Amino acid sequence: MHCVQEVTSQIYWVGGNDRRLERFENMFPLPNGVAYNSYLITDEKTALMDTVDSAISARFLENITHGLNGRPLDYLVVNHVEPDHCANIEELVRRYPEVKIVGNKKTLQFITQFYQSPLQKNFFTVEEGDQINLGRHILQFFFAPMVHWPEVMFTYEQTEGILFSADAFGTFGALSGNLFSDQTDFEAFFLDEARRYYTNIVGKYGMQVQAALHKLNGVDIRMICPLHGPVWRSNLPYIFDKYDHWSKYLPEKSGVVLVYASMYGNTENVMNRLATKLSQRGVSDIRMHDVSKTHPSYIIADAWKYSHLVFGSPTYNMGLYYSMENLLREMAGLQLQNRKVALIGNFTWAPSVAVKAMRGLVEGMKNMEIIAPPFEINSAMKAEQEPVLDQLADAIGSSVKK
Ligand SMILES: Cc1cc2nc3c(=O)[nH]c(=O)nc-3n(C[C@H](O)[C@H](O)[C@H](O)COP(=O)(O)O)c2cc1C
Ligand SMILES: [Fe+2]
Ligand SMILES: [Fe+2]
5 MHCVQEVTSQ
15 IYWVGGNDRR
25 LERFENMFPL
35 PNGVAYNSYL
45 ITDEKTALMD
55 TVDSAISARF
65 LENITHGLNG
75 RPLDYLVVNH
85 VEPDHCANIE
95 ELVRRYPEVK
105 IVGNKKTLQF
115 ITQFYQSPLQ
125 KNFFTVEEGD
135 QINLGRHILQ
145 FFFAPMVHWP
155 EVMFTYEQTE
165 GILFSADAFG
175 TFGALSGNLF
185 SDQTDFEAFF
195 LDEARRYYTN
205 IVGKYGMQVQ
215 AALHKLNGVD
225 IRMICPLHGP
235 VWRSNLPYIF
245 DKYDHWSKYL
255 PEKSGVVLVY
265 ASMYGNTENV
275 MNRLATKLSQ
285 RGVSDIRMHD
295 VSKTHPSYII
305 ADAWKYSHLV
315 FGSPTYNMGL
325 YYSMENLLRE
335 MAGLQLQNRK
345 VALIGNFTWA
355 PSVAVKAMRG
365 LVEGMKNMEI
375 IAPPFEINSA
385 MKAEQEPVLD
395 QLADAIGSSV
405 KK
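Written as structure tokens, this is what we have:
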């Protein structure tokens, strides 16, 4: 049976949740599931804003049937062609053969690449700034290229000031009945997942996110309807501010994330000793991750949040421990920048290999400052190295407090 919620008097949330999917994009763990949002506007003309993932098609189609209440669907606006939002286009065209599929040139090109049906006859191409009048509601299109994919658009509804923002302002985490962010304990339940979603999915495109945010300057936005997670109808400056920090690669918080690889526990031991020393120097809210245990998406989200990063790794087959290498490559790929870094290496027979490899990867990222000489142990830390580790803790501690 249908499961629909009212967003405003003529606009309905007709999306759904998937709590079974193990990994988003087959990569990112989803311990709290994910929501696929879609919004139906039932004005003089009817318009659907995006569809949903194939996993929840059956319920979604029931929602549409219920929401339209016997009326035809006039417009399907495709803000983003990724399959988690487009899986039902062909079925909608079978059900509503007259529907106009609204998108830009790229949108329509990508649709023909993904799907077999001849959908061209339904295409309705829009340019930046174009408007579609539905009666009381007027849709206006803002292109937001690379706010995940090149074809992405935001649709702004002028009468109620609603921004349909595609993946932007979205988050991992299924909806539990509470559709609006102000009905949830957003900071406790969603904020970490929103950051993990942003940094891992869109993190690389900070410049393009900034361009999209600038385009929206001066636009009267009273509500944000993203494609994943809760709808924003209050406290909008809060989420805009998060996006501003994230897309400028500015830390939200002064603090330290320690990330290590360790087979026999010796590198881990140094990290624990360093963390203790940092705590004694007044650093609070320290985060520590074992790269073999924690999925990189969580470590990357923490790296975006905090100002200082410490990486520790043993040498492995004359290189870096593989999951540390992977993590650093992912961070570089996502264009992480503007962080202060310290390095810890460990080896049994090949000195400096791990620290050199880490330094190379970190220096390949923009504006990363290595704030102290690397600390290296030969298999296990020795008592005579204590003063050197203290110096490292001093350097990190005073830099965090600056
Ligand atoms: C498969 C494998 C490959 C390794 N390759 C190297 C190497 O190329 N050079 C080196 O100095 N040590 C190498 N090591 C040794 C570790 O880097 C070294 O024992 C280190 O102290 C382990 O740190 P941990 O106690 O934190 O695990 C290797 C160890 C393993 C298991
Ligand atoms: Fe996407
Ligand atoms: Fe998406």
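In the numbering used here, the protein residues as written are 5 to 406.
Here a beta-carbon is modelled for each residue, glycine too, at the ideal position from N, C-alpha and C.
What you are looking at is a predicted structure, and each value in this text was computed from that prediction instead of being measured.
Run the CB neighbour count on residue i, radius 10 Å, all protein chains shown included, and call it buried at 16 or more, exposed below.
i: residue 17; result: buried
i: residue 89; result: buried
i: residue 227; result: buried
i: residue 118; result: exposed
i: residue 13; result: exposed
i: residue 385; result: buried
i: residue 288; result: exposed
i: residue 321; result: exposed
i: residue 218; result: exposed
i: residue 131; result: exposed
Using a Cβ-Cβ distance under 8 Å, would residue i count as near chain C?
i: residue 332; result: No chain C appears in this structure, which consists of one protein chain only.
Please state whether the Cβ-Cβ distance between residue i and residue j is less than 8 Å.
i: residue 159; j: residue 145; result: yes
i: residue 68; j: residue 43; result: no
i: residue 295; j: residue 335; result: no
i: residue 173; j: residue 236; result: yes
i: residue 266; j: residue 318; result: yes
i: residue 48; j: residue 110; result: no
i: residue 77; j: residue 50; result: yes
i: residue 178; j: residue 38; result: yes
i: residue 21; j: residue 197; result: no
i: residue 54; j: residue 6; result: no
i: residue 40; j: residue 19; result: yes
i: residue 404; j: residue 260; result: yes
i: residue 401; j: residue 286; result: yes
i: residue 304; j: residue 204; result: yes
i: residue 199; j: residue 301; result: no
i: residue 123; j: residue 93; result: yes
For residue i and residue j, what's the separation of their Cα atoms in angstroms?
i: residue 59; j: residue 350; result: 46 Å
i: residue 176; j: residue 29; result: 12 Å
i: residue 202; j: residue 9; result: 26 Å
i: residue 281; j: residue 397; result: 6 Å
i: residue 257; j: residue 306; result: 10 Å
i: residue 314; j: residue 372; result: 12 Å
i: residue 254; j: residue 367; result: 18 Å
i: residue 103; j: residue 129; result: 13 Å
i: residue 79; j: residue 369; result: 44 Å
i: residue 310; j: residue 91; result: 37 Å
i: residue 387; j: residue 325; result: 25 Å
i: residue 276; j: residue 11; result: 49 Å
i: residue 136; j: residue 143; result: 5 Å
i: residue 308; j: residue 339; result: 11 Å
i: residue 4; j: residue 332; result: Residue 4 is absent from the structure shown; the chain starts at 5 and stops at 406.
i: residue 157; j: residue 170; result: 7 Å
i: residue 245; j: residue 98; result: 42 Å
i: residue 353; j: residue 292; result: 27 Å
i: residue 23; j: residue 180; result: 11 Å
i: residue 229; j: residue 272; result: 43 Å
i: residue 364; j: residue 187; result: 46 Å
With residue i and residue j assumed to form a contact (beta carbons below 8 Å), what rounded beta-carbon distance in angstroms separates them?
i: residue 127; j: residue 112; result: 5 Å
If you pair each beta-carbon of the segment 209-228 with each one of the segment 138-151, do three or more pairs fall below 8 Å? yes
Chain-ordered residues, beta carbon under 5 Å from a heavy atom of ligand 4: With respect to ligand 4, the structure shown offers nothing to examine, as its ligands consist of ligand 1, ligand 2 and ligand 3.
If we count Cβ pairs, one from each stretch, closer than 8 Å, do we get three or more for the segment 336-350 versus the segment 378-390? yes
Between the segment 383-397 and the segment 360-370, are three or more C-beta pairs nearer than 8 Å? no
Is the number of C-beta pairs between the segment 260-277 and the segment 286-302 that are closer than 8 Å three or more? yes
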